[in-house]
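In the numbering used here, the protein residues as written are 8 to 142.
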């Protein structure tokens with residue numbers, strides 16, 4: 008069973024960002040599958056690293072457009088991104104050190120954060136992006 012199923016209700020009508028959101032969903036689902044199948048710590052760590060790297064790449068894309076177009080809520084949106092990256096990196100560090108395991112609580116946090124962020128903060132800037140020619 009898939010942890011997150013992509014839905015059109017998550018779409019921002021900005022292809023580049025929607026594609027990146029779908030990729031994040033895929034990586035979280037991949038991590039979920041690794042946990043359900045009791046994959047090795049090394050395998051899970053590869054996926055966690057992929058999630059951390061791709062998340063930063065995605066956030067930099069959003070922030071680039073926000074800054075370029077003068078989005079009013081750029082700084083508060085960027086702070087949300089920074090806090091999430093901090094949490095993911097903290098979990099990654101604890102997981103590598105053996106202080107934390109991969110759990111449904113972690114996956115639930117990732118799922119809820121991503122969906123909530125897309126449906127609130129990202130959706131709020133979607134019309135702004137559309138007005139500036141991003142579709």
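Every residue gets a Cβ at the ideal spot worked out from N, C-alpha and C, and that includes glycine.
Query: Straight-line Cα distance separating residue 77 from residue 116; Result: 31 angstroms
Query: Proximity below 9 angstroms, CB of residue 92 to CB of residue 62; Result: yes
Query: Cβ distance (whole Å) where residue 72 is taken to contact residue 136 below 8 angstroms; Result: 6 angstroms
Query: Assigned exposure category for residue 111 - 16 Cβ within 10 Å defines buried; Result: exposed
Query: Best match in 97, 83, 109 and 121 for proximity to residue 65 [C-alpha to C-alpha]; Result: 121
Query: Check whether residue 141 and residue 60 have beta carbons under 9 angstroms apart; Result: no
Query: Best match in 8, 18 and 132 for proximity to residue 79 [C-alpha to C-alpha]; Result: 132
Query: Opening and closing residue of the alpha helix (DSSP H) in which residue 73 lies; Result: 48 to 76
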